[in-house]
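Asks: Below you will find the structure I want to go over with you.
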Amino acid sequence: MFHSFKQYPRYATATCCLFLSGKVEETPKKIRDIMKTARQILEGPRERYIPTLGDEKGDL
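In my numbering, the protein residues as written are 3 to 62.
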């Protein structure tokens with residue numbers, strides 16, 4: 003039986019493979035942690051908002 007992986011998103015497939023490999027190797031990872039890491043890799047680094055004195059968004 004043969005199924006082509008071309009019809010599935012490769013990043014979603016890779017994320018699922020990482021999740022399943024953790025289950026097989028007895029090093030279980032939570033799916034939340036895997037999804038969070040995959041999202042960070044795919045979206046790139048986010049700039050964190052750090053309020054400063056006199057900043058309009060958060061006057062300290």
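All residues carry an ideal CB built from backbone N, CA and C; glycine is no exception.
To the nearest angstrom, how far is the alpha carbon of Leu62 from that of Thr17?
Replies: With a pLDDT of 46 at Leu62, under the threshold of 50, the modelled position of that residue is not reliable, and the figure given next carries that caveat. Their backbone Cα atoms lie some 41 Å apart in a straight line.
Asks: Closer than 7 Å by C-beta to Leu44: which residues in its own chain qualify, once you throw out the five before and the five after it? Chain order, please.
Replies: So the list reads Tyr13, once near-sequence residues are dropped.
Asks: DSSP on Tyr10, reduced to helix/strand/coil?
Replies: Tyr10: coil per DSSP, three-state reduction.
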